[in-house]
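K.L.:
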Amino acid sequence: MKPLREELKLYQKSGIQLFMDGEPSTPKDIAKACLIAEGGGYMRDYTEDESGRIARVDFDRISEAPRKKYRYR
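Count the sequence shown with the UniProt record's numbering and you get residues 1 to 73, in order.
(1) Determine which residues share a DSSP beta bridge with residue 58 and list them.
(2) Can you name the start and end residues of the alpha helix (DSSP H) that residue 11 belongs to?
(3) CB-CB under 7 Å to residue 11, same chain, minus the five flanking residues each way: which ones, in chain order?
(4) With C-beta atoms as the reference, is residue 42 less than 8 Å away from residue 62?
(5) Going by DSSP, what residue range makes up the alpha helix (DSSP H) through residue 28?
(6) Taking buried to mean at least 16 other C-beta atoms within 10 Å of its own C-beta, is residue 35 buried or exposed?
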């Protein structure tokens, strides 16, 4: 997940805040969580400032919905 980590480092250097599940986080921790996430993953959510620039990126855990088992007759 080095490309993701490098991307997030650039965001951080630009003053963009990084959050994971509502808490401040680091590029390393976010990239690691995205890599090892089982049964789902992380969805990005971008928040803009008043001038339309990205001010914050949130990574929120999402889970796969359980699949319904159908019986065939």
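We put the beta carbon where it would ideally sit given N, CA and C, even for glycine.
P.N.:
Straight from the coordinates:
(1) 19 and 45
(2) 2-13
(3) 18 and 57
(4) yes
(5) 27-36
(6) exposed
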